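Enquirer: Next up is a structure, given as structure tokens.
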Amino acid sequence: MNIRLPFFIIIITFYTPVYLESLDLSLENAKEYTRNNSESIRLKLLEINEKKYALKVAEARRLPELKMQASASYLTDPPEGITIPRGAFGSLPDPSSGFLIPLPMNDLIIIDDPENTYFKLTTTLTQPVFTWNKINNAIKIARTDVDVSELTYENIIS
97 MNIRLPFFII IITFYTPVYL ESLDLSLENA KEYTRNNSES IRLKLLEINE
147 KKYALKVAEA RRLPELKMQA SASYLTDPPE GITIPRGAFG SLPDPSSGFL
197 IPLPMNDLII IDDPENTYFK LTTTLTQPVF TWNKINNAIK IARTDVDVSE
247 LTYENIIS
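The sequence shown begins at 97 in the numbering used here and counts up by one.
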């Protein structure tokens, strides 16, 4: 009985009718199908797009760059400032009037009491002035890289 089961399966697989649809493909239809479904062509197109974005980045490097940064903070319990009160170092007698002169004569404020809020805004503008032609050479290299990728793509699909 063990021999009959595999034999039966083999006979069923060979004698069952298999219906295949015929595909009417011309050479152009086959090429179009390959272009649309080929993984290597899709990867090559992604590579070309990547090279084009690199070219845009290289061209943007010759333009001025503006950076802005803002920050804010709120202190719930700010520390006290540093003040030396009047007369903290004692006093000296005034020989002409006989009164005592306090040292220091007025309150000395070394550090003011800080505020509860703190805001900061920073803006930086940079412009490349002289780059020893490095930016222009980088743009030429990026353009050449795009051209090479496009030629490689054309060779693949033709």
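Think of the CB as a built atom: it goes at the ideal place given N, C-alpha and C, for glycine as much as any other residue.
Only a predicted model underlies this, so the values are computations on that prediction, with no experimental measurement involved.
Counting only the same chain and skipping the five closest in sequence on each side, list residues whose C-beta sits under 8 Å from that of residue 252.
Expert: 136, 137 and 140
Enquirer: For residue 198, list the residues DSSP reports as bridge partners.
Expert: 187
Enquirer: What's the C-alpha gap between residue 203 and residue 228?
Expert: 59 Å
Enquirer: Quick one: any contact between the stretch 208 to 215 and the stretch 173 to 186, if contact means 3 or more CB pairs under 8 Å?
Expert: Yes, since at least three Cβ pairs between the stretch 208 to 215 and the stretch 173 to 186 fall closer than 8 Å, the two stretches touch.
Enquirer: Thinking C-beta only, is residue 171 closer than 8 Å to residue 183?
Expert: Not closer than 8 Å, so no.
Enquirer: With a 10 Å radius around its C-beta and 16 neighbouring C-beta atoms as the bar for buried, classify residue 238 as buried or exposed.
Expert: buried
Enquirer: Drop a sphere of 10 angstroms on the beta-carbon of residue 242, count the other beta-carbons inside from all chains shown, and report buried for 16 or more, exposed for fewer.
Expert: buried
Enquirer: Give me the residue from 121, 205, 185 and 157 with the minimum Cα distance to residue 222.
Expert: 157
Enquirer: What does the alpha-carbon distance come out to for the pair residue 230 and residue 246?
Expert: Distance between residue 230 and residue 246, taken at the CA atoms: about 24 Å.
Enquirer: Could you say which of 144, 106, 160 and 163 lies nearest to residue 244 if we only look at CA atoms?
Expert: Minimum Cα distance to residue 244 is reached at 144.
Enquirer: Identify every residue that forms a DSSP beta bridge with residue 126.
Expert: Looking at the DSSP assignment, residue 126 forms no beta bridge with any residue, so it has no partner.
Enquirer: With distance defined between alpha-carbon atoms, name the residue in 142, 166 and 132 nearest to residue 248.
Expert: 142
Enquirer: Taking only the alpha-carbon atoms, compute the straight-line gap between residue 236 and residue 153 and give it to the nearest angstrom.
Expert: 12 Å
Enquirer: Would a C-beta distance cut-off of 8 Å place residue 215 and residue 150 closer than the cut-off?
Expert: no
Enquirer: Closer than 8 Å by C-beta to residue 187: which residues in its own chain qualify, once you throw out the five before and the five after it? Chain order, please.
Expert: 196, 197, 198 and 199
Enquirer: Taking only the alpha-carbon atoms, compute the straight-line gap between residue 201 and residue 224 and give it to the nearest angstrom.
Expert: Looking at the two C-alpha atoms, the distance is approximately 55 Å.
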